[in-house]
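In terms of my numbering, the sequence shown is numbered consecutively and its last residue is 274.
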Amino acid sequence: MNNWTTIRISAFTLILLLCFTGCSDANKKQTEPPKPYIILKLDDLKFEDGLVHPGWDQVVSYLNEKAVIGTIGLIGESLEEGDSTYFDWIKARDQEGYEIWHHGYCHCKRMRDEKEVREYKGEPFGAQQTSLLRTHHLAKEKLGITLRSFGAPYNSTDECTPPALEKISDIKVWMYKETTAPTDKFELNRIKAVNIEYPVHVPDFEQFKAGYDAFRTEPVLVIQGHPRSWVEDLNRWEEFKKIIDFLLQKQVTFITPYEYYLMEMGKTSIKNVP
Ligand SMILES: [Zn+2]
1 MNNWTTIRIS
11 AFTLILLLCF
21 TGCSDANKKQ
31 TEPPKPYIIL
41 KLDDLKFEDG
51 LVHPGWDQVV
61 SYLNEKAVIG
71 TIGLIGESLE
81 EGDSTYFDWI
91 KARDQEGYEI
101 WHHGYCHCKR
111 MRDEKEVREY
121 KGEPFGAQQT
131 SLLRTHHLAK
141 EKLGITLRSF
151 GAPYNSTDEC
161 TPPALEKISD
171 IKVWMYKETT
181 APTDKFELNR
191 IKAVNIEYPV
201 HVPDFEQFKA
211 GYDAFRTEPV
221 LVIQGHPRSW
231 VEDLNRWEEF
241 KKIIDFLLQK
251 QVTFITPYEY
261 YLMEMGKTSI
271 KNVP
């Protein structure tokens, strides 16, 4: 065999090898199931009996142990009552990468003319704007945190909510927008079939898994839960842990609403945003 023949055979082998590797990579990519981004929308942080509810501590410890990032829906009124330990707890979570988001001021509802009125459903524009601004300013003043995302108490809003929110340009994201009135905020929608809790307050792994399998081609899944409701019942806690472990097995990426927004906007760093 002369040198030229050897070179030609070697080149041919190399091409075959490259093609084989390339093709198998392409096949692998095609057969890999799609993976959505996951946002853990955890609701209802408040100051209770002089402390953070043990449910929050337990959830945060577990998520930190697993290196999973979550988000915390802050009820603004709690910042009027809370002490420095409470504020430091929230600031520590912020430092760890959790997103602290706007979950209303009072999280309250009342009856007016025999009709139930909620904080952002049925209240006039002015009242909604005042409530939104109070939480936003309290977070800046007491925590030094600029809230970037909003999710309404009970996910209840009406046509007055978008113009009231528009007044807070710092807020970029609206999770679980319910009203059909248009908004200037980036929307992260609710898919009711895929969630942590079925019904609300009760984590259920099997139902979550069915929802996940049905909607895993979505770019992002925002799943809601209430950590305060999970610690009294061991079964609820175990079901939550199963959901997190399943998602870790699937190697999904956990992300916060604001980080997702920044990614979508093509921005890589919070520092780049005005
Ligand atoms: Zn809530």
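Yeah, the Cβ is synthetic: ideal placement off N, Cα and C, and Gly gets one too.
Every value quoted in this text rests on a predicted model; they were computed, and no experiment measured them.
Annotated as distal: Gly70 and Trp230, with beta-carbon spacing of 9 Å or more.
In this structure, the straight-line span from the alpha carbon of Ile100 to that of Pro33 is close to 31 Å. Annotated as proximal: Ile243 and Phe205, with beta-carbon spacing under 9 Å.
Check the Cα spacing between His102 and each of Lys35, His201, Lys241, Lys41: the tightest is with Lys41. By alpha-carbon distance to Gly225, the top candidate from Val59, Phe47, Glu77 is Val59.
Under the rule that a run must span 4 or more residues, the alpha helix (DSSP H) segments found entirely inside the stretch 154-215 read 161-166, 205-215. The residue among Thr85, Gly76, Gly122 with its C-alpha nearest the C-alpha of Asp43 is Gly76. Judged by DSSP secondary structure, Glu114 falls outside any alpha helix (DSSP H); it is assigned neither H nor E. Within 8 Å of the C-beta of His103 there is at least one heavy atom belonging to ligand 1.
Using a Cβ-Cβ distance cut-off of 8 Å, the stretch 116-125 and the stretch 77-87 are not in contact, since fewer than three pairs of beta carbons, one from each stretch, lie closer than that value. Beta-bridge pairing by DSSP links Thr85 to no other residue. In chain order, the residues positioned with their C-beta nearer than 5 Å to some heavy atom of ligand 1 are Asp43, Asp44, Pro153. In this structure, DSSP gives Gly144 a state outside helix and strand, which the three-state scheme calls coil.
In the three-state DSSP reduction, His102 falls in the strand class (E or B). Taking 9 Å as the cut-off, the Cβ atoms of Pro36 and Val173 do not count as close. Inclusion of Val117 and Tyr176 in the CB contact set at 9 Å is not warranted, their separation being larger than that value. With respect to the 9 Å criterion, Tyr120 and Thr161 are classified as neighbours on the basis of their beta carbons.
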